[in-house]
Structure formats: C-alpha cells, structure tokens
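Q: Have a look at the structure that comes next, please.
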C-alpha cells in the first residue's frame, strides 16, 4: 500500500502541477470510512480550495475527470464536501500485493541509527519494569531494520554507580566476603544480590554513619583501586551475563555494552568537559547553593542551573551521559577498546574496555540516537540534549530522541500472590510502585517461569503425545509471546498495572491469541496437503493472473475478502506510524485486528469444504497473504511463531 500511494501521488502530481498551485507534500491520500465509498480518498482539493478561493467540491469536480487513467484505479468519484474517492482494481491490487511480499517498499532515511535500551544496573536481577524497556527498544530496532536502516543496539552498563557500590559494601562490610568467597556463589547470583541490595538499603537507612564508608568505596572503584574495583568488576560482569540470559529468553539481544568504567578509564568525561568549558556551555558557580560547582544554565528555565561537576570535583550522572551522547554521534574524537563478551545465537555481543584490544571495530557514529528511558528521566534527557546544543551540535541535539514510557506497577493482588505483606491502606490502592531498593517487584525470570509453567499445562492438555522437549519449546514460545504482547499493547504513556490473571490469560487481546491464529492458518495448509496433496509450491501457479478471478465470489464475499486484504495491505504504513509516533501499541492493535478479521472471514468461508475450485483457490491465496503479513508483524514484535499450540 505504501508503494501504491507513493506512485499514485507522483502520477497525480504530474497530472495537475501545471494547472494548479500544489506541492507533492500537499497531496494527501487517506482511507475512506467505508469501502462502498471507495478505497482511498484524495484530500488535496481542500488545500487548493483555500489557495484558489473556491469551494473544495468545485475543485474536485474539475480535477476528477483528469484522473480516470490512474494506474491501478478502476474508478474515481467526487464525494462529500470535496474528496476525490478512488476505487482500486481489486484483482490487480491483490496480485501486486502477493508478488510484493518478499520486497519491502520502505527505504532508509538515516546513515546509522543507535538505540540505547534496557540499561539495568548490574547489581541485582532484572525485574518486570526492565522488560517493558527491553521490549520497546527491541521492537523499535526490529521495525527500523525492516525499514532498511542500519541499526546498532547498545545497552549501557553503569558498572561504577552507587547501586554496584551498595552491593560491594554488602559483601565486604555486612557479609565479610572476599573476592574468592563471592566467586564461589554460583546459583542465581543475581537473585542473591537482589536480596543483599535490599538488606544494604535498609542498613544504610538505619546507620547514617556508614555513608562515609560507602563514599570511600565509590571513590576507590572510580579510581580503580582494589579490592573494591575487582569486586565491582566481578559482580557487575557476573550479573550482566544473568541479565543477557534473561533478555535472550524474550528474544532481546545487543550489539554493544558500553560501560561507565570505560568512560572513566579512557577519560571521555575530561574530553567532554574541556569542550563544554571552551564553548562556555558550563561555568563555575561563585555563590549560592551551587558555589564551587560547574553548572549549566538551562534553557527556558530562568535562573535555573544544573550541576554538572560537584564542588568536590566529582562528575554527576548527567555529565557522564553528555560525554556518552557526544561519543554516540562520533563527535568526541576518542573511542573505546572493544572485547567480545558473549556469543548468543551466532551473534557476538561486544563490551567496551579501557584495556587495549587487538580487535579493530567501529561502533557509535550515529546520525540519529534513541535513548529508551522511562519518563522519570525526561528532565535529565533534556539536559543531555542541551549539552549538545551548547556545543553547537544543534542537528545532533534535535536527533537525540528520548523514547519515554511510563513505569510498571503492581496490583495488590500480585503482591499477595508473591507473599508480600500488604497493609490495609496499600490494599485500597489501585497499584504499588516497583522498588528495587525495597526488594519489591516481580523478578523477570520468575514471571517468565510462571508463564512457561502455565503454558506447559495447556500444551500438555492439548497435545499429550508430544515429546517433553517439544512441549517445553512450545510453552516457551507461548510464554514469550504473552509477555511481549502484554508489554507492547498499552500506549507508552500508560501505566502498566501488572496483574498475574491478566498477564497469564490465553484469551482476548493477548499474544497467544495472535499465535493461535497463525497456527490455525498453518493447520489449514497442513490439512490441504494431507487430504489433497496440496504443496505450497503450487501457490506459484495460482499466482499467475490467469488463475486469479474474483468473479465466482458472491457479492458479500467479494466485500468481505476485499476488506480483509485491504486492511492487511496497510501493514507497512502501520510500521511507519508506530516508529514515527514511538507507539508500538498501534502495531499491536493492528495485528490483533488482523487476526480478528481473518478469524471472522474463515468462520464464514470454508476452504477445506469448498467444492468450487476457483473459489477455493482465491481463498487459499487470501489466507496465504494474511499468513505472510502476520508472520512479518509477529516477528517485528518479537513474538515467536509455534507450529502447534
């Protein structure tokens, strides 16, 4: 559909440009409310009406006769106050759609796009909130790659931050463990650290005098002093691997893990700080609460300053993030060393280092950067963009996109199921916020394991004769599909209140419903093969125009068939819409609606029982087309495609 609309725009523009003051950008094409009114509607007569001081319908009536020979259009019609409705040649359109399945009509707009997402502090297990970030970032990357963009996925590792410091403090001061002792902790190390981090948080609240010791540990880690630095390195690397395993379970992977320790070790910040001072983007505050600090004046906020370097000369988080953002655009004139960290599905995940490496690689240097971070970080992301602007990198500042989203909370029922004590006051609330510091949250792996357990019971009930390994594989795919769809179906600014009953439902607007629809289509082709010897290779002969005819279909089926095909043909537009708005709920809803429309169509029009060969062939081609579109969209959302359920 995207390709067709672009071609129509060019033809129409060439037809009218010499007579009317119209630009190609003003030539809008939209859908009609009902197919009886046409398939597409031209809206530009309204633009011309204003320019020519004429009624839009009068303009439309003048132009419509000139558009009678548009390619792929069987009829034009003036409608309403000034629309020109186009009726497509249905057979020709359907054939074109079938042949274009292997040839995406989208094209790239950027030299290179960098997406930073997930960004879990490497001090404890991942929780459900991290899954939302990863699903959004991964889906964005999949859609952009489908569009033809060169995409690099980064997962920033804050391996010298205060959260890692707290776990080091817990091991050293509360548990009196050495590096050797910690290395012997093998089973679910990220879970162990989850509990330890909660204990440390409670301890520090009750022992304020321990803050001095905590600050010293942070200083030693940042300066690379042992034993603290070695402990932090071991803990963070061990937990990063656990996080990568968790994310692999939902189909998420990365190209590069940039580490804060590398930014410090290679003095990225010092270089960025030098640039900021040279451009007078920061200045030394001489008075007030920020006296002795290097601060940045914030645009649109009179007399407001953001501290970039504290009075004790330590750089703030946002300062390091400015340096990292400058590097992402290839503007820092410094680079990391790169080491292979992990192999996942024949793909190497690289990690940055301040230690020289023999590997000659090039990361960063993007022309567009997405930072997928929740909306609580909006202010800091604004400061980062202003840092670029202050350095006169105005284009890059505009292309620093904050992909923000709302948090994931827990319902009181979920807390009870997890055996968390819920007070009477908390029980009255609609939700409770996830808090890693308090140890309050659904661990990502626990959620996935529960989903897989439930899915496995369903698979065993429906397919008792399947081998155990096959049952587990199907259950894993169903669980991943349920999780991914749950995380994508809500608008990004909607608070997700996680509830086990809703998340584990296998009916309604869920991932398993989408998967079941695809399995149903696979089953139709399997039965055609078993009963009639039909092979999918036979589709090529059906694809010849001489074999395709809509004539034998009843008038009602013609309309139902056309509604289904026309809706499915918009899938590339849905991809562009989702990427442009950063709202993957649109893509999720499109996929759900497509499955509903297919199931409604198949309920009315049988394939296996149809005696008329011509009718059967057109229905086979229709479900083949829907299957291929459905496979594409499910893949973009990271939802697996089981053969059986």
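In my numbering, the protein residues as written are 369 to 1013. All C-beta atoms in this analysis are idealised placements derived from N, C-alpha and C, irrespective of residue type, glycine included. Source: prediction; values computed, not measured.
1. Does residue 907 have its Cβ less than 8 angstroms from a Cβ in chain E?
2. Using 8 angstroms as the threshold, is the C-beta distance between residue 990 and residue 933 below it?
3. State the DSSP-derived secondary structure class of residue 973, mapped to helix, strand or coil.
4. Specify the secondary structure class of residue 453 as computed by DSSP and reduced to three states.
5. Taking residue 442 as part of the beta strand (DSSP E), name the residues at either end of that continuous run.
6. Residue 557 lies in the alpha helix (DSSP H); which residues open and close that run?
7. What residues in its chain sit with their C-beta under 6 angstroms from that of residue 738, if we drop five residues either side in the sequence?
8. In whole angstroms, give me the CA-to-CA distance for residue 696 and residue 478.
9. Going by beta-carbon coordinates alone, are residue 557 and residue 607 separated by less than 8 angstroms?
10. Rounded to whole angstroms, what's the CA-CA distance from residue 544 to residue 572? Just pull it up for me.
11. Per DSSP, which residues does residue 1029 bridge with? Please list them.
12. Drop a sphere of 10 angstroms on the beta-carbon of residue 763, count the other beta-carbons inside from all chains shown, and report buried for 16 or more, exposed for fewer.
13. Which residues in the same chain have their Cβ closer than 7 angstroms to the Cβ of residue 967, if we skip the five residues on either side of it in sequence?
14. Taking residue 888 as the reference, which of 906, 910, 964 has the closest Cα?
15. Quick one, are the C-beta atoms of residue 627 and residue 720 less than 8 angstroms apart?
16. Can you name, in chain order, every residue of its own chain whose Cβ lies under 6 angstroms from the Cβ of residue 623, other than the five neighbours on each side?
17. If you draw a straight line from the alpha carbon of residue 649 to that of residue 747, how long is it in whole angstroms?
18. Under a three-way DSSP split, which group does residue 959 fall into?
19. Measure the Cβ-Cβ separation of residue 527 and residue 598 and say whether it is below 8 angstroms.
20. Would you decide whether residue 849 is buried or exposed? Buried here means 16 or more other CB atoms lie within 10 Å of its CB.
21. Does the segment 448 to 458 touch the segment 401 to 420, meaning 3 or more C-beta pairs lie closer than 8 angstroms?
22. DSSP has residue 801 in a bridge; who is on the other side?
23. Does DSSP put residue 705 in a helix, a strand or coil?
24. At what residue ranges does the segment 725 to 761 contain a whole run of the alpha helix (DSSP H), taking only runs of 4 or more?
25. According to DSSP, what are the bridge partners of residue 627?
26. Which value, in whole angstroms, describes the spacing of the CA atoms of residue 525 and residue 469?
27. Excluding the five sequence neighbours on either side, which residues of its own chain have a C-beta within less than 6 angstroms of the C-beta of residue 644, listed in chain order?
28. In angstroms with no decimal places, state the Cα-to-Cα distance between residue 699 and residue 718.
29. Looking only at its own chain, which residues have a Cβ that is under 7 angstroms from the Cβ of residue 710, when we skip the five neighbours before and after it?
30. Of all the options 926, 485, 455, 903, which has the alpha carbon lying nearest to the alpha carbon of residue 445?
31. At a cut-off of 7 angstroms, would you count residue 586 as near the ligand SAH, judging by its Cβ distance to the nearest heavy atom?
32. Classify residue 409 as helix, strand or coil using the three-state DSSP reduction.
33. Measure the alpha-carbon distance for residue 702 versus residue 815 and round it to whole angstroms.
34. Indicate the three-state DSSP secondary structure (helix, strand or coil) for residue 938 in the structure shown.
A: The relevant details are as follows:
1. Protein chains in the displayed structure number just one, and chain E is not present.
2. The answer is yes: Cβ separation under 8 angstroms.
3. coil
4. strand
5. 441 to 447
6. 557 to 574
7. 483, 769, 771
8. Looking at the two C-alpha atoms, the distance is approximately 14 angstroms.
9. Cβ distance < 8 angstroms, so residue 557 and residue 607 count as in contact.
10. Their backbone Cα atoms lie some 16 angstroms apart in a straight line.
11. No information on residue 1029 is available, as it lies outside the stretch 369 to 1013 that the chain covers here.
12. Residue 763 should be labelled exposed.
13. 885
14. 964
15. yes
16. 520, 521
17. 18 angstroms
18. helix
19. no
20. Classification of residue 849: buried, given that the 10 Å Cβ count is 16 or more.
21. The segment 401 to 420, when compared against the segment 448 to 458, does touch it at the 8 angstroms Cβ threshold.
22. 777
23. strand
24. 746 to 758
25. 525
26. For residue 525 and residue 469, the distance between alpha carbons rounds to 39 angstroms.
27. 650
28. 21 angstroms
29. 609, 612, 717
30. 455
31. Ligands displayed in this structure: none; no statement on the ligand SAH is therefore possible.
32. strand
33. Looking at the two C-alpha atoms, the distance is approximately 41 angstroms.
34. coil
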